[in-house]
Structures are given as structure tokens and as C-alpha cells.
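Student: Protein chains in written order, with numbering that gives the first Met the number 0: chain A, 0 to 287; chain B, 0 to 322; chain C, 0 to 376.
Glycine residues also receive a C-beta, built at the ideal position from the N, C-alpha and C atoms.
Dropping the structure in here first, questions after.
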Amino acid sequence: MHDYGQISKKTRTAALIRKTITYVLLSMWGIIVLFPFYWMILTSIKSYGSYNAEFTPRFVTASPTLQNYGDAFTGVSLGRYFLNTFLFTVITTALMMIVIIFAAFAFSRLQFRGKNLVFTLFLSLMMIPSELVIITNFVTITNWGLRNTFTGLILPSVTSVFYIYLLKENFEQIPDDLYKAAKVDGTSDLKYLFKVMVPICSPTIVTVVILKVIECWNAYVWPRLITDDPKYFLVSNGISEIRENGFGRENIPAMMAAVVVISIPLIILFLIFHKKIMEGVSRGGTKG
Amino acid sequence: MSAHVDNQESGRSSITGKPTYRKSSTLTKLKSLKAWLYLLPALLFLGIFMVYPLIDVLIYSFEEGYNSASQTSFGTGWFNYAYVLHDPYFLQAVKNTFIIVIITVPLSTLLALLISLGLNSIKKLKEVFQTIFFLPYVTNTLAVGLVFMIMFKKTPYTDGLINMILAVFKTGPIDFIDGPYWAKMFVMCFYTIWVVLPFKVLILTSALASVDEVYYKAARIDGTSRFRQFTHITLPMISPMIFYLVITGFIGAFKAYSDEVAIFGTNLNSAGMNTIVGYVYDMLYGDSGGYPSYAAAAALILFAIVFTITVVNLLISKKTSIR
Amino acid sequence: MKIRFEGLTKRFPNRNKKIKAEVVAVDHFTFEIPDGKLVGLLGPSGCGKSTALNLICGLETPTEGRIYFDDDDVTDIPAENRGVGMVFQSYALYPHLNVRKNIMFPLQNLKGEQKMTKEQMEAKALEAAKIVQIEELMDRKPNEMSGGQQQRVAIARALVKMPRVLLLDEPLSNLDARLRIQTREEIKRIQNETKITTVFVTHDQEEAMSISDLIVVMKDGAIHQIGKPQEVYDQPTNLFVAKFLGTPPINVFTGRIEGGKLCIGQEEILGKDYVKDTSDQEVYIGIRPEGFVLREGKDGRLDGKNGVFSASLLAVEVMGRDTSVVFSHSMSEIEGTRHRAIVSSDNQIDPESQIVSFDLNPKKVFVFSKESQERLI
Chain A
0 MHDYGQISKK TRTAALIRKT ITYVLLSMWG IIVLFPFYWM ILTSIKSYGS YNAEFTPRFV
60 TASPTLQNYG DAFTGVSLGR YFLNTFLFTV ITTALMMIVI IFAAFAFSRL QFRGKNLVFT
120 LFLSLMMIPS ELVIITNFVT ITNWGLRNTF TGLILPSVTS VFYIYLLKEN FEQIPDDLYK
180 AAKVDGTSDL KYLFKVMVPI CSPTIVTVVI LKVIECWNAY VWPRLITDDP KYFLVSNGIS
240 EIRENGFGRE NIPAMMAAVV VISIPLIILF LIFHKKIMEG VSRGGTKG
Chain B
0 MSAHVDNQES GRSSITGKPT YRKSSTLTKL KSLKAWLYLL PALLFLGIFM VYPLIDVLIY
60 SFEEGYNSAS QTSFGTGWFN YAYVLHDPYF LQAVKNTFII VIITVPLSTL LALLISLGLN
120 SIKKLKEVFQ TIFFLPYVTN TLAVGLVFMI MFKKTPYTDG LINMILAVFK TGPIDFIDGP
180 YWAKMFVMCF YTIWVVLPFK VLILTSALAS VDEVYYKAAR IDGTSRFRQF THITLPMISP
240 MIFYLVITGF IGAFKAYSDE VAIFGTNLNS AGMNTIVGYV YDMLYGDSGG YPSYAAAAAL
300 ILFAIVFTIT VVNLLISKKT SIR
Chain C
0 MKIRFEGLTK RFPNRNKKIK AEVVAVDHFT FEIPDGKLVG LLGPSGCGKS TALNLICGLE
60 TPTEGRIYFD DDDVTDIPAE NRGVGMVFQS YALYPHLNVR KNIMFPLQNL KGEQKMTKEQ
120 MEAKALEAAK IVQIEELMDR KPNEMSGGQQ QRVAIARALV KMPRVLLLDE PLSNLDARLR
180 IQTREEIKRI QNETKITTVF VTHDQEEAMS ISDLIVVMKD GAIHQIGKPQ EVYDQPTNLF
240 VAKFLGTPPI NVFTGRIEGG KLCIGQEEIL GKDYVKDTSD QEVYIGIRPE GFVLREGKDG
300 RLDGKNGVFS ASLLAVEVMG RDTSVVFSHS MSEIEGTRHR AIVSSDNQID PESQIVSFDL
360 NPKKVFVFSK ESQERLI
């Protein structure tokens with residue numbers, strides 16, 4: 000009834016073919032993903048002259064130079080954009096963590112009247128797109144005279160309903176008895192929060208921090224609206240500025256050098272924490 | 000001390016027969032106050048930067064002839080909406096946005112599904128591939144957009160990398176950045192997919208991995224073909240995640256903006272590549288800015304579109320999951 | 000159909016990556032499962048019985064050795080071409096399909112000449128459902144059914160394509176005690192009706208004993224004994240098999256053979272006609288709970304005061320027909336074990352008494368070498 004010999008041979012060949020095709024296709028997408036990075040680095044080490052002399056772009060360069068990196072820092076205020084973004088990221092993330100940890104604690108552990116109502120209202124805010132509220136926020140910040148200040152940049156992004164929700168869910172998984180035990184021992188709420196809950200939930204907290212750092216580092220829309228003074232530009236606005244006005248002339252290698260410098264911090268962060276970041280994003284991240 | 004503890008638990012201790020104490024109302028009030036104190040920062044920020052703007056934007060959108068300098072308006076009505084809906088820039092933005100949505104959402108979801116299926120079927124190098132594929136998620140879209148622009152751009156000095164490749168196939172050169180509409184749209188969609196894919200691949204890979212291996216074992220013993228295993232087991236089991244990705248994909252694509260700026264620069268209207276969100280920002284601020292009323296009307300129209308599509312999506316997903 | 004193993008071996012790399020040595024899950028199996036029988040693979044968890052099952056169905060490929068279905072070598076045949084039906088421990092019912100569609104699933108895979116029309120498939124599915132008596136539940140989804148019902152659906156799904164072999168992986172482990180007894184009789188009945196060679200895996204000796212035609216006792220990847228349940232129970236080949244089978248478990252003591260007599264401590268429990276010419280040595284002595292017998296005293300009472308084997312009485316538990324006598328003994332293999340003897344409820348043992356004495360039924364006494372743990376007598 001069965002020709003067993005043939006079946007076993009056929010299956011083995013089919014499996015081999017399938018595997019080969021899979022690897023080839025995956026590698027192709029890998030190249031599409033990686034190529035822009037390669038091109039960015041390659042172009043950044045071509046000299047201005049040799050780049051412009053290439054009518055047909057070359058995939059390697061004979062005389063790599065770091066000149067463009069120097070230009071990138073001197074031609075535009077890349078260092079300042081960098082520092083601004085760093086400060087913006089650190090301060091925004093730190094402030095947000097405090098705000099959301101307190102809020103999540105209140106929702107998960109404390110009893111108060113109207114808790115359910117407030118929480119439902121909170122959740123419904125998750126559906127509101129930032130594009131709707133940004134108009135008024137722009138007007139508000141302008142009226143407060145906070146355009147071109149760090150305060151104006153930071154203030155609207157120090158809360159996130161979604162992260163409060165994520166953290167609250169995590170806090171609620173900590174057994175009630177722990178809280179009771181701490182109360183019996185005379186631990187204050189604040190001490191309990193930072194000595195017990197935060198350490199226990201540190202995986203989630205790290206996730207939120209990472210997601211927020213990525214979000215801040217890549218922030219573009221709000222900074223663009225609120226700053227027009229290059230002194231307060233973040234890297235995204237810096238890139239946009241370089242693109243529009245460049246280095247006086249269209250210096251693409253220097254542009255690419257700037258792009259490399261801007262991309263590197265997050266890529267390093269990613270290569271170190273790639274497991275954690277991917278885990279965190281799959282648990283609760285969305286783009287932007 | 001012990002009285003204090005019992006007091007907190009007065010409800011429960013009456014069951015266990017321990018002495019109970021009447022709930023002290025001052026203590027409850029104090030605790031309630033403390034909770035509100037913990038919530039205060041969040042409430043404050045959300046109130047000022049989310050709740051108030053939400054009401055305000057509605058008011059803006061109905062205030063006719065609002066003047067931001069004198070903060071006065073002529074009256075209320077639908078004029079702002081009518082203006083926006085007749086503005087050729089807005090209509091162009093709507094068209095662009097819809098094309099981007101219709102092309103990138105299905106294509107990226109499908110591509111992500113194929114890639115994650117591939118990833119899930121291999122053991123060696125799986126983690127390496129996963130890490131590489133995720134890389135675009137953590138990069139600055141504006142920065143990489145610039146690289147894409149340079150790869151696609153045709154200048155008097157060079158046809159650019161992509162045209163060099165096209166030349167091998169005896170086509171081109173095409174100016175993808177300042178050239179014909181469809182070429183620009185192609186770059187736009189390509190870049191959008193490049194940007195959104197990491198998230199989708201990640202979500203689908205973990206969804207696929209969470210399908211219990213035993214179902215595939217059972218199917219194999221029953222001689223189920225790979226294709227049937229995919230359509231009858233894998234797809235139904237990961238369909239909630241696919242719907243999630245489609246819904247978030249729609250929402251995200253309708254809000255497309257910074258990817259466009261990354262490729263075509265801030266003056267999207269002149270490139271003919273503006274999106275609805277881009278229109279909102281342009282109305283608010285920038286060369287043609289200073290019209291928060293128009294911006295508000297456009298933003299609300301966008302919200303209405305996204306809301307409708309999300310509801311439709313949810314209805315479809317409910318229907319299919321019941322079947 | 001017969002299933003024959005020849006030197007079947009499966010080795011896995013150690014889960015702890017630091018340890019280089021491989022884990023041998025199945026170690027040189029050579030035996031034959033006769034056609035149309037219900038065979039139980041029995042052993043403690045981790046003994047390799049599930050691996051053995053996976054080797055039969057083709058989900059795992061052996062490191063060495065061959066598997067034959069009748070005379071066909073199926074070792075390299077993928078699972079889908081072996082024509083086996085399998086019931087998984089977790090049932091693996093597709094949650095999004097109702098019972099009918101779950102049962103029809105294997106039929107829809109058939110190709111070529113075997114392809115069926117929808118009506119044929121429905122008829123076949125109904126037939127299979129009738130065998131396991133779930134024909135009223137055809138439109139339910141798996142999560143709307145009890146564990147026992149899901150189990151039946153899983154069996155129907157495995158049966159519907161008329162497999163040459165039916166495999167069941169721990170079929171009863173997810174059911175509660177009452178359902179377990181009911182379901183195991185059900186499995187026996189279905190196997191009797193269909194006459195399909197059936198192999199099931201279990202760690203529960205009672206389950207294996209009650210329904211199998213043949214049981215295979217395994218430990219650490221090796222077969223310790225193959226035989227009919229009663230045979231294995233009555234004639235265990237080594238201490239492990241003796242201990243693994245039977246509830247309450249066998250009572251094991253250390254003792255010795257001395258001058259043709261079997262002794263525990265100072266007591267000589269069995270004589271020359273039992274020991275025959277086994278040489279003098281240290282031994283383990285296993286006595287089944289029913290091997291303890293009460294001897295009638297001079298007054299005709301069964302009061303546990305006469306016998307060759309004395310122990311400290313701990314308790315007397317009357318359980319209707321039988322009485323279980325709980326005692327301890329200084330020569331227990333494991334110190335402090337609470338031993339049990341099962342005697343008839345006609346006994347007149349005084350629960351307050353310190354000592355209890357029994358005679359022994361030589362058929363229920365097994366002697367094992369202390370060194371190799373193999374059976375001597």
C-alpha cells in the first residue's frame with residue numbers, strides 16, 4: 000500500500016528545499032533592513048570630493064575619512080542638539096516615572112471614593128489621539144510664554160495613561176498580604192512603594208523607561224511646533240534643519256555623518272538590551 | 000498600634016469574631032486625601048494637556064474667524080469644516096493618506112506574517128534575524144529617512160543608488176523624490192513599511208510561538224498538509240493578534256506624518272505629499288500657519304475617519320471570531 | 000497490526016547545557032507488540048515512556064534501531080504517513096472548531112483516491128462519535144465540554160481515519176478520580192470493539208493493571224518487565240517492578256538466607272521447601288499486603304497472636320470486607336515505614352495490643368538479591 004522508501008526520501012528533500020528558501024528570503028529582508036545603515040556609514044566616510052565625483056555610487060570607498068564627522072559637529076550645532084535631546088530624554092523620563100508610579104500606586108493599592116469612576120475616565124483617555132490635543136497644547140504653551148524653553152518641551156509629555164495602566168496592572172499582581180504585613184510593621188505608604196513595589200515590578204518599570212527613552216529620542220512633532228530657535232532643537236529637528244539648510248552647501252557625506260551620530264546611542268542601547276527591549280515592546284509598546 | 004491595624008480591617012474582623020471598631024470617618028477621609036495626593040500630578044497634567052484641550056479643540060473648530068492675536072471670533076458654525084473640506088491642499092492630503100493606508104496596512108501585515116512564519120520555522124540564527132529585523136524600531140525615523148532620500152534621489156550629479164540598480168534592468172532613471180507622483184508614493188510606502196514592520200514582526204512572532212505545539216503534532220499525525228495547518232490552525236489561533244495589528248496599523252497609518260517629513264522635507268504641500276496630520280500642523284504653525292480653527296476642524300475630521308474605521312474593524316473582527 | 004522494535008534507542012542532549020553527557024530516553028528496546036492488543040507503557044515520570052510513544056507515531060526519530068509495523072520498516076517515515084491515531088494528554092482539540100469539525104479534521108486531509116465527499120465525512124464522523132457515545136454533542140465547542148467529554152472527542156478524532164495503531168498519552172491524567180475509572184473501562188470497551196492495536200502511556204499502575212492486555216514496565220529508558228498484568232504482579236523480575244505495582248505497595252524488609260532458611264531479624268519466616276538451594280546471602284524480602292495470613296490460635300481465634308512474623312502493631316483500620324493492619328518493623332528497608340497487611344474482616348485483633356504476628360503465603364513473598372536487586376525466589 001505504501002512505498003515507504005520513496006516517501007522518506009521525498010520528505011527529506013522537501014524539508015531541505017523549504018529550509019533553504021526560508022533562509023534566503025529572511026536574509027533578503029535582513030539586507031533590506033541593514034542596507035540603509037551600511038549606506039549611511041559608508042557615505043559618511045567618503046570625502047566630500049569623492050562622493051560628488053561618483054556619478055555611479057560605489058559600494059566601498061578607497062580612502063575613508065573622518066573629516067565629515069568633524070564637519071558635522073562644527074558646521075551645525077550637532078553637539079547642542081545632542082545635549083538637548085539627552086537632557087530632554089532624561090528629565091522627561093524621570094518626571095514621567097515619578098508621576099506614573101504615584102498614580103499607579105493610588106489606583107492599585109489605595110482606597111478612595113470615586114476610584115472606579117476616575118479610573119474609567121483615565122482609560123477612556125487612552126483612545127484620544129495626540130493630534131487632537133496638540134493644537135490646544137500649542138496655544139497653551141505659547142500663551143504661557145514657554146516656547147523655546149525646556150519646560151515647554153517637557154511638560155505635555157510627562158504623563159501617559161497607557162503606562163499608568165500598564166504599571167497599575169503589574170502592581171495589582173503583588174499580593175495584598177505584603178501590603179498588610181508592611182502596614183503591621185509600621186512601614187509608611189511611600190516607603191512601601193519604593194522599597195517593595197518598585198523593586199518587585201522592576202521589569203515593567205525598566206520596560207516603560209526603555210520605551211519612553213526611545214520615544215523621547217525620536218520625538219519630532221511637538222519639539223518642532225514648540226521650538227524655532229536652534230538653541231533648543233532636538234536631534235530630529237536638527238536633522239530636519241540640516242536637510243533644509245544643510246552645511247551651507249549640499250554636503251551629503253557630512254549629513255550622513257550627523258545621521259550616524261544621532262542614530263548610534265539608541266542602536267548601542269538596543270544591542271545591549273535587545274532582549275529586554277523586544278520583550279517590553281511586545282508586551283505593551285506601539286510605535287510613537 | 001494593634002487597634003489601628005484592626006481598624007483597617009474592621010469589616011473582616013467582625014467575621015472572625017475579633018473585637019471590631021467603628022470605622023473612624025476622619026481616618027477614612029485622611030486616607031482618601033492621601034490617595035488624591037498621589038494622583039494629583041497625573042490628574043493635573045492630564046487635565047491641562049488632555050482633557051481641557053479635548054473640549055477646547057471642539058470649541059475652536061466651531062469658532063468662525065478666530066483671531067489668535069485678539070482671541071476673538073465672529074460667531075459659531077460649520078464654516079471651518081466647510082473651508083477645510085474645500086481646501087485643495089486638504090483634499091490632496093486626504094488622498095495621499097488614504098493611498099498610504101490602503102497600500103501599507105495590508106502589505107505590511109502580510110509581509111510581517113510571512114517573515115514571522117519564516118522566523119518561527121528556523122532554529123539556527125533565529126535570534127540574529129529577530130534582532131536585525133527589529134532594528135528599525137529603535138532608529139530615529141527622520142535620520143534614516145534622510146538615508147532613504149539619498150538612496151532614491153536623482154540629482155544632476157548622480158542618478159542615485161536605486162536608479163543604478165534599476166539601470167541593470169534597463170529602466171529609469173526616475174526621480175523618486177522630486178519626480179512623478181507614483182514614484183514619490185512608492186518611496187513613501189516602501190519607507191513606511193520598512194518603519195512599521197519591526198513591530199508587526201515582533202508581535203506576530205510571539206503570537207505564533209504561543210500556539211501550543213501539540214496542535215501541530217496532532218495535525219501532523221493526521222496527515223495535515225502544511226498549507227492546511229496554516230489556514231486551519233495557525234490563522235484562526237493568531238487571528239486576534241492579526242486584528243490587533245490591522246487596527247493599530249490603520250490608526251498609525253492615518254496619522255502618518257513624520258515619515259513623510261523624513262523623505263520629502265517639511266514643505267510637504269509643495270511636494271504634493273502632505274498628509275492629514277501634516278495639514279493640521281501646517282495650519283497650526285509654519286509658513287501657512289496661524290489658523291488653529293482650521294487645524295482643529297481638520298483634526299476632528301481625521302478623528303472621525305479613524306474612529307469609524309476602527310469601529311468597522313472591530314465589528315468585522317467580532318463577526319469573524321464568532322464564526 | 001504488530002509493532003516491532005529492534006534495538007530502538009533515543010538519546011537527547013542534556014537540558015543542562017553544561018553537562019555534555021546525553022540523556023538516554025529510550026535504551027535499546029527490542030520487543031513486539033502483538034496485533035489487536037491493548038498495551039500499557041508503565042513507569043515513573045521521566046522514564047522515557049512518552050518518548051517511546053513519540054517514536055511509534057513518528058514525532059521523534061530514533062537515534063538508533065528500527066521500528067516495524069508488521070513487516071514495513073517505518074523508522075524514517077514521517078508521522079503523517081504512518082497512519083496512526085493519537086490522543087494527547089491535553090487532548091489537543093482545536094478550540095475554534097466544534098466537535099463535528101474536530102472529528103472530521105483528519106478526513107479532510109485525505110488525498111487522491113481516499114478523498115471523501117462531505118456527506119461521507121459527516122457519516123464517518125458520526126460513526127466515530129457513536130463509538131465514544133458523544134453523538135449529541137456534535138455542535139459543541141471544546142471549551143463547552145467537560146474533561147471526560149473532551150477526552151472522548153479526542154479518541155473519536157483519532158479513530159475516525161481507521162488508524163492502524165491507536166496511541167494514547169496519559170489518557171486519564173486530566174480527569175477526576177470517578178471519571179478516570181469510567182473512562183478507562185470505556186477505553187477498554189472501544190479497543191475491544193475496534194480491535195485496533197492500542198498503546199497507552201501511564202504512570203499509574205492501577206490504570207495499567209486494570210485495562211491492559213500487556214504491560215511494559217519501564218525505568219530510566221530501559222524495559223524492566225513485559226507481561227500480562229497479573230503475571231507482572233505475581234512474578235516481578237526485580238525489586239523495582241515489585242515496588243512499582245500494587246496498592247497498597249509491597250512491604251520490603253532486609254533479611255538473609257541462612258542455611259536454606261529465609262530470615263528477617265531473628266525470625267525464620269520460610270523454610271527449605273521455599274528457599275530450595277539458593278546460596279546464603281543478604282537479601283531484600285518483599286511481601287504483598289495480602290501475603291500476611293492470620294493463624295488460628297488454640298482457642299480458635301484469629302487474634303494475631305500466632306505466626307512466624309512479628310511486628311509492632313500501630314493501628315487496625317476496618318474497611319468493610321477487609322481490614323488493614325498497620326505495623327512497623329525494625330528490619331524495614333526504609334526505617335520507619337508504616338507497613339500494611341490486608342486481612343479478612345473476620346479477624347479479632349485487639350487494637351490495643353503491642354505486637355501482631357502473621358503467617359506468610361509463600362506465593363506472595365519475593366526474595367531479591369541485595370546487590371543486583373534482581374529476583375532470587
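#1: On the criterion of 16 or more Cβ atoms from any shown chain inside 10 Å, does residue 160 of chain A qualify as buried, or is it exposed?
#2: Residue range of the alpha helix (DSSP H) that residue 174 of chain C falls in?
#3: Alpha carbons only, please: which of C:133, C:1 and C:35 is nearest the one belonging to residue 193 of chain C?
#4: Nearest to residue 313 of chain C by CA position, among C:291, C:167 and C:355, is which residue?
#5: What are the residues in the stretch 159–181 of chain C lying within 8 Å of chain B by C-beta distance?
#6: Leaving out five residues before and five after residue 273 of chain C in sequence, what residues of the same chain have Cβ atoms less than 8 Å from its Cβ?
#7: Does any residue of chain B bring its CB to less than 7 Å from the CB of residue 91 of chain C?
#8: Please name the residue, chosen from B:123, B:121 and B:258, that lies closest to residue 189 of chain B on a Cα-to-Cα basis.
#9: Note down, in chain order, each residue of its chain lying with its Cβ closer than 8 Å to the Cβ of residue 61 of chain B, except the 5 sequence neighbours on either side.
#10: Could you tell me how far apart the beta carbons of residue 25 of chain A and residue 165 of chain B are, in whole angstroms, since I believe they sit closer than 8 Å?
#11: What separation, rounded to the nearest whole angstrom, lies between the Cα atoms of residue 239 of chain B and residue 318 of chain B?
#12: Any chance the stretch 81–95 of chain C sits against the stretch 110–117 of chain C, with 3 or more Cβ pairs inside 8 Å?
#13: Beta-carbon of residue 219 of chain B versus every beta-carbon of chain C: anything under 7 Å?
#14: Look at residue 278 of chain B and residue 297 of chain B and say whether their C-beta atoms are less than 7 Å apart.
#15: What does residue 40 of chain B touch in chain A if you count any residue whose Cβ is under 7 Å from its own?
#16: How about residue 105 of chain A: is its C-beta nearer than 7 Å to some C-beta of chain B?
#17: Is the separation between the beta-carbon of residue 341 of chain C and that of residue 323 of chain C shorter than 7 Å?
#18: Under the assumption that residue 145 of chain C contacts residue 282 of chain C (Cβ atoms under 8 Å), give the Cβ distance between them as a whole number of angstroms.
#19: Return helix, strand or coil for residue 125 of chain B, following the three-state DSSP convention.
#20: Rounded to whole angstroms, what's the CA-CA distance from residue 125 of chain C to residue 134 of chain C? Just pull it up for me.
#21: What number of angstroms, rounded off, separates the C-alpha of residue 191 of chain A from the C-alpha of residue 202 of chain A?
#22: Any idea if residue 344 of chain C is buried or exposed, counting beta-carbon neighbours within 10 angstroms, 16 or more meaning buried?
#23: Would a check of beta-carbon distances place residue 240 of chain B closer than 7 Å to chain A?
#24: Please confirm if residue 297 of chain A has its CB atom under 7 Å from at least one CB of chain B.
#25: From residue 229 of chain C to residue 191 of chain C, what distance separates their C-alpha atoms?
#26: Using a cut-off of 8 Å between C-beta atoms, extract the partners of residue 33 of chain A located in chain B.
#27: Which of the residues in the stretch 199–216 of chain B, read from start to end, lie with their CB under 7 Å from any CB of chain C?
#28: What residue does the alpha helix (DSSP H) around residue 24 of chain C start on, and which one ends it?
#29: Buried or exposed for residue 58 of chain A, please, with buried defined as at least 16 other CB atoms from any protein chain shown within 10 angstroms of its CB.
#30: For my contact list, residue 92 of chain C and residue 200 of chain C are in at a C-beta cut-off of 8 Å; report their separation, rounded to the angstrom.
#31: Determine contact between the stretch 60–76 of chain A and the stretch 84–99 of chain A, defined as no fewer than three beta-carbon pairs at a distance below 8 Å.
#32: From the DSSP output, in three-state form, read off residue 262 of chain C for me.
#33: Pull the bridge partners of residue 338 of chain C from the DSSP assignment, please.
#34: Have a look at residue 89 of chain B and residue 110 of chain B and give me their C-alpha separation to the nearest angstrom.
#35: Taking C-alpha atoms, which residue in A:70, A:249, A:250 and A:215 lies nearest to residue 234 of chain A?
#36: Got a sec: is the Cβ-Cβ distance from residue 28 of chain C to anything in chain B below 7 Å?
Tutor: Let's see:
#1: buried
#2: That residue, residue 174 of chain C, is in no alpha helix (DSSP H); it is neither H nor E in DSSP.
#3: C:35
#4: C:355
#5: 160
#6: Cβ neighbours of residue 273 of chain C within its own chain (closer than 8 Å, five residues either side excluded): 261, 361, 364 and 376.
#7: It does: the Cβ of residue 91 of chain C has a partner Cβ on chain B nearer than 7 Å.
#8: B:258
#9: 75, 76, 77 and 79
#10: Residue 25 of chain A to residue 165 of chain B, Cβ: 25 Å. No contact.
#11: 12 Å
#12: In short, these stretches do not touch, since the Cβ pair count stays below three.
#13: At a cut-off of 7 Å between beta-carbon atoms, residue 219 of chain B makes contact with chain C.
#14: yes
#15: 98 and 101
#16: Yes, because at least one Cβ of chain B sits closer than 7 Å to the Cβ of residue 105 of chain A.
#17: yes
#18: With 8 Å as the limit, residue 145 of chain C and residue 282 of chain C do not qualify as a contact, their Cβ atoms being about 49 Å apart.
#19: Annotated three-state conformation of residue 125 of chain B is helix, per DSSP.
#20: 6 Å
#21: 18 Å
#22: Exposed.
#23: no
#24: Residue 297 of chain A falls outside the range modelled here, since chain A spans only 0 to 287, and no answer is possible.
#25: 19 Å
#26: Annotation: Cβ neighbours of residue 33 of chain A in chain B (cutoff 8 Å, chain order): 131 and 134.
#27: Among the residues of the stretch 199–216 of chain B, those with a Cβ less than 7 Å away from any Cβ of chain C are 213, 214 and 216, in the order of the chain.
#28: No alpha helix (DSSP H) holds residue 24 of chain C; the beta strand (DSSP E) holding it covers 22–32.
#29: exposed
#30: Going by Cβ atoms, the distance from residue 92 of chain C to residue 200 of chain C rounds to 19 Å, so no, they are not a contact pair.
#31: no
#32: Strand at residue 262 of chain C.
#33: C:326, per the DSSP bridge assignment.
#34: Using only the alpha carbons, I get a separation of about 31 Å.
#35: Ranking A:70, A:249, A:250 and A:215 by CA distance to the CA of residue 234 of chain A puts A:215 first.
#36: For residue 28 of chain C, no Cβ of chain B is located within less than 7 Å of the residue's own Cβ.
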